[in-house]
Amino acid sequence: MTQEFVKWFEELTINDVPSVGGKNASLGEMIQNLGKKGVRVPSGFAITAYAYKYMIEKAGIDV
Numbered sequence: 000m001t002q003e004f005v006k007w008f009e010e011l012t013i014n015d016v017p018s019v020g021g022k023n024a025s026l027g028e029m030i031q032n033l034g035k036k037g038v039r040v041p042s043g044f045a046i047t048a049y050a051y052k053y054m055i056e057k058a059g060i061d062v
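For the sequence shown, the residue numbers in numbering that gives the first Met the number 0 are 0 to 62.
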């Protein structure tokens, strides 16, 4: 499986908390559930934890 660097909020569910964090996963849930009821939730994207770790490693940053 190829790891993703970016995920759209529309793709996210609460199961994605480990990879994108709670706030981003919650936005995904809101878009999917409240959008059906006419509540407008802005679209957007999340940078994954994998992307962060990958870039830190490639940049040679010691954390």
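Glycine residues also receive a C-beta, built at the ideal position from the N, C-alpha and C atoms.
Under the 10 Å beta carbon count, Asn-23 is surrounded by 16 or more other beta carbons and is classified as buried. Exclusion of the five residues before and after Ala-45 leaves Lys-6, Val-19 and Asn-23 as the residues of its chain whose Cβ lies within less than 6 Å of its Cβ. Boundaries of the alpha helix (DSSP H) harbouring Ile-55: 48 to 58, taken from the DSSP string. Contact between Ile-30 and Glu-3 does not hold, since the beta-carbon distance rounds to 18 Å and is not under 8 Å.
When DSSP states are grouped into helix, strand and coil, Phe-8 belongs to the helix group. In this structure, Thr-12 lies away from Gly-34, with their beta-carbon atoms at least 8 Å apart.
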